[in-house]
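For the record, the sequence lines run as chains A and B. Residues 1 to 116 (the working numbering) are what the first sequence spells out, left to right. Residues 1 to 111 (the working numbering) are what the second sequence spells out, left to right. Here is the structure we will look at.
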Amino acid sequence: DTEVTQTPKHLVMGMTNKKSLKCEQHMGHRAMYWYKQKAKKPPELMFVYSYEKLSINESVPSRFSPECPNSSLLNLHLHALQPEDSALYLCASSQTATSGRDYEQYFGPGTRLTVT
Amino acid sequence: AQSVAQPEDQVNVAEGNPLTVKCTYSVSGNPYLFWYVQYPNRGLQFLLKYITGDNLVKGSYGFEAEFNKSQTSFHLKKPSALVSDSALYFCAVRVAGKSTFGDGTTLTVKP
């Protein structure tokens, strides 16, 4: 199974709401990632989890809060978002994120987020 | 710091013709290079990678890429394009667990 699943597929939320995005993989990968992607643009890295520990935070605003409950699951908690946060949020996984052993990433289909 | 450039925003080819999508990179040390494809409203899908070894790398769906160290390039190629190859293509370089993506090239294959 080489699939990364993400729920929900679409999410509309107001600026005062709290919501969560979920990501799951069963490939035994030990690195998981959150990306933000605007239309026709490359993905922008937000967070990297390596062996369930946060290893990279690309100076993401605190209104985005990641969580890795176990090696298969990755959540992104959203609170008090702004309209400019509307985008496609992609989850990805890879065997590891270890330097010198750079494996390909497997991406989920994304959650299309609209902030009103 | 690493960087990737995809000099063409758009590539148009006729079905059955060969296609090339260009990528150049800048990285300290040995590069780990990847190509991904993205169809509308979907996530990125891995096509192929260069880590070490043969300069010609073969990947999914008949795609291949040629690594050229002297020109710091990693161009994506396919001998005969299909309409279904129409999509957004990203080149990426990966260092220390972080991927840096090019801006993407939209490939349109016309029947």
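Here a beta-carbon is modelled for each residue, glycine too, at the ideal position from N, C-alpha and C. Computed from a predicted model, the values in this text were never measured in an experiment.
Local conformation of residue i per DSSP, three classes
| i | result |
| --- | --- |
| residue 86/A | coil |
| residue 61/B | helix |
| residue 83/B | helix |
| residue 104/A | coil |
| residue 32/A | strand |
| residue 7/A | strand |
| residue 32/B | coil |
Beta-carbon spacing of residue i, residue j below 9 Å
| i | j | result |
| --- | --- | --- |
| residue 62/B | residue 40/B | no |
| residue 72/B | residue 24/B | yes |
| residue 74/B | residue 65/B | yes |
| residue 97/B | residue 92/A | no |
| residue 150/B | residue 58/B | In the structure displayed, chain B extends from 1 to 111; residue 150/B sits before or after that span and is not available. |
| residue 109/B | residue 14/B | yes |
| residue 29/A | residue 106/A | yes |
| residue 4/B | residue 81/B | no |
| residue 23/A | residue 70/A | no |
For residue j and residue i, the rounded distance between their alpha carbons
| i | j | result |
| --- | --- | --- |
| residue 72/A | residue 26/A | 6 Å |
| residue 109/A | residue 30/B | 31 Å |
| residue 38/A | residue 112/A | 10 Å |
| residue 6/B | residue 104/B | 6 Å |
| residue 16/A | residue 81/A | 7 Å |
| residue 20/B | residue 77/B | 5 Å |
| residue 3/A | residue 83/A | 30 Å |
| residue 104/A | residue 116/A | 35 Å |
| residue 36/B | residue 11/A | 26 Å |
Spatial neighbours of residue i in its chain, beta-carbon cut-off 8 Å, leaving aside the 5 residues before and after
| i | result |
| --- | --- |
| residue 53/A | 68 |
| residue 13/A | 19, 78, 81, 113, 114, 115 and 116 |
Residues of its chain near residue i, where Cβ-Cβ distance is below 6 Å and the 5 sequence neighbours each way are ignored
| i | result |
| --- | --- |
| residue 77/A | 20 and 65 |
| residue 10/B | 106 |
Cβ shell of residue i (< 7 Å), same chain only, five flanking positions each side left out
| i | result |
| --- | --- |
| residue 55/A | 48, 49 and 97 |
| residue 87/A | 36, 37, 38 and 113 |
| residue 46/A | 34, 35, 36, 58, 60 and 64 |
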